[in-house]
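**Q** Pasting a structure here, questions to come.
In my numbering, the protein residues as written are 86 to 163.
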């Protein structure tokens with residue numbers, strides 16, 4: 086094996102290492118943002134947001150199951 090072959094191997098390893106490093110950098114950079122994102126399908130109640138999300142005891146609207154599922158037994162339908 087000559088030195089050109091070793092240079093080619095060294096350059097290839099460096100390129101792979103650089104690509105993996107860039108991917109790892111972006112993964113570390115964006116992972117906290119992805120974990121902090123809210124699911125798009127869960128919406129807060131306007132009333133609950135106005136109360137600072139302290140809505141567990143007062144939940145009596147359509148968001149009852151989201152804030153306090155145990156309060157479902159207190160719902161009356163006519």
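Even glycine gets a Cβ: it sits at the ideal position worked out from N, Cα and C.
Rounding to the nearest angstrom, what Cα-Cα distance links residue 156 and residue 131 in this structure?
**A** Counting from 1 along the chain shown, the entry for residue 156 is found at position 71. Counting from 1 along the chain shown, the entry for residue 131 is found at position 46. Whole-angstrom Cα-Cα distance: 19 Å.
**Q** Could you give the distance in angstroms between the alpha-carbon of residue 113 and the alpha-carbon of residue 154?
**A** For this step, residue 113 is matched to residue 28 along the chain shown. For this step, residue 154 is matched to residue 69 along the chain shown. Approximately 36 Å between the Cα atoms of the pair.
**Q** Going by DSSP in three states, residue 110 sits in which element: helix, strand or coil?
**A** Along the chain shown, read from residue 1 onward, the residue named residue 110 stands at position 25. Residue 110: helix per DSSP, three-state reduction.
**Q** If we count the other Cβ atoms within 10 Å of its Cβ and call it buried at 16 or more, is residue 152 buried or exposed?
**A** If you number the chain shown from 1, residue 152 lands on position 67. The residue in question, residue 152, is buried, as its Cβ has 16 or more Cβ neighbours within 10 Å.
**Q** Just curious, the alpha helix (DSSP H) that residue 134 is in, first and last residue?
**A** What you label residue 134 is simply residue 49 of the chain shown in a count that begins at 1. Taken as a continuous stretch (DSSP letters only), the alpha helix (DSSP H) holding residue 134 covers 131-135.
**Q** Quick one: give me the first and last residue of the alpha helix (DSSP H) that residue 150 is part of.
**A** Working through the chain shown from its first residue, we reach residue 150 at position 65. Element bounds for residue 150: 149-152.
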